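Structure first, then comments.
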Amino acid sequence: MYDAAVVGGGPAGQSAAIFLGRSGLKTVLLDNEKGLTKRALLKNHYGTGELTGEELVKAGRKQVENSGTEIHHAQVTTIHQTDDGFSIETESGETFEAKQVILATGSNARLARTIGLKTKEGQEKYVKTVIDTDPAGHTSINGIWAAGVAAGVSVHTIVTSGDGAKTAINLISELKGERYTDHEAVPAKK
Ligand SMILES: Cc1cc2nc3c(=O)[nH]c(=O)nc-3n(C[C@H](O)[C@H](O)[C@H](O)COP(=O)(O)OP(=O)(O)OC[C@H]3O[C@@H](n4cnc5c(N)ncnc54)[C@H](O)[C@@H]3O)c2cc1C
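For the numbering used here, count along the sequence shown from 1 and bump the result up by 4.
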């Protein structure tokens with residue numbers, strides 16, 4: 005049983021997975037590796053200079069691995085509610101159990117519809133349907149959260165990655181019962 009599972013390994017899902025892993029929650033990231041971000045040439049991502057989407061996602065994956073979050077290549081087909089959380093089913097037949105789930109599945113709303121999450125019309129270019137969330141990232145099913153393009157934010161990597169982080173911080177804060185902060189300072193010089 006994982007404390008948290010993230011479905012989708014684009015900027016939103018990876019960023020959420022980094023915060024969740026670093027917080028000490030047992031976390032798994034499930035991604036089908038079909039993300040389109042690798043086709044992007046990013047000139048507007050704060051602090052990085054020009055880089056390709058592929059470079060961003062590759063660097064993000066390394067950070068996810070270093071955070072302690074497990075990564076599995078998987079196509080998630082559906083998610084069922086169980087007595088103590090959720091059972092996440094994949095195309096290969098493998099099942100993952102998690103207490104909380106973040107959906108960061110980008111512009112494809114098929115999984116959200118299959119689960120029966122409340123959705124609404126997307127406002128961004130190329131995004132027809134998004135998951136209905138409150139400002140914290142909660143969806144219509146308690147324990148399932150949504151982040152990034154899936155949650156209707158602006159289709160830019162700086163925004164989607166920030167939204168993934170925001171949603172994870174809210175999830176961690178709820179589980180820990182107090183606002184969560186992940187800060188580290190440069191070690192003092194001797
Ligand atoms: C050609 C192109 C150029 C772009 N240029 C820019 C740019 O210059 N600047 C900029 O800021 N943004 C740009 N973008 C947009 C940017 O890449 C996206 O808005 C942003 O990365 C979306 O992040 P996300 O994590 O919300 O979703 P995504 O990156 O779409 O990630 C979702 C992930 O979830 C996976 N997934 C979906 N369903 C499932 C499932 N059922 N099971 C398992 N995995 C699943 C997908 O395959 C994908 O890996 C560009 C996009 C494209 C396509």
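In this text, a Cβ means the ideal position worked out from N, Cα and C, and glycines have one as well. Owing to the predicted nature of the structure, the values given are computational and were not obtained by experimental measurement.
- The beta carbon of L55 sits no closer than 6 Å to any heavy atom of ligand 1.
- In this structure, DSSP gives D186 a state outside helix and strand, which the three-state scheme calls coil.
- Approximately 7 Å separates the beta-carbon atoms of E101 and T86; this is inside 8 Å, confirming the contact.
- With contacts defined by Cβ atoms closer than 7 Å, L24 and V80 do not form a contacting pair.
- The straight-line gap separating the alpha-carbon atoms of H76 and V32 is approximately 7 Å.
- Contact between S158 and E128 is confirmed by a C-beta separation of about 6 Å, below the 8 Å threshold.
- For Q18, the three-state secondary structure derived from DSSP is helix.
- The alpha carbon of G141 has as its nearest neighbour, out of I83, E59, T164, R117, the alpha carbon of T164.
- Pairing I135 with A154 gives a Cβ-Cβ distance under 7 Å.
- For E93, the uninterrupted beta strand (DSSP E) segment begins and ends at 89-94.
- Secondary structure of E98 (DSSP, three-state): coil.
- Of the residues S71, D138, Q104, E69, the one whose Cα lies closest to the Cα of D167 is D138.
- When C-alpha distances from K42 are compared across V190, L175, G64, V131, the shortest belongs to G64.
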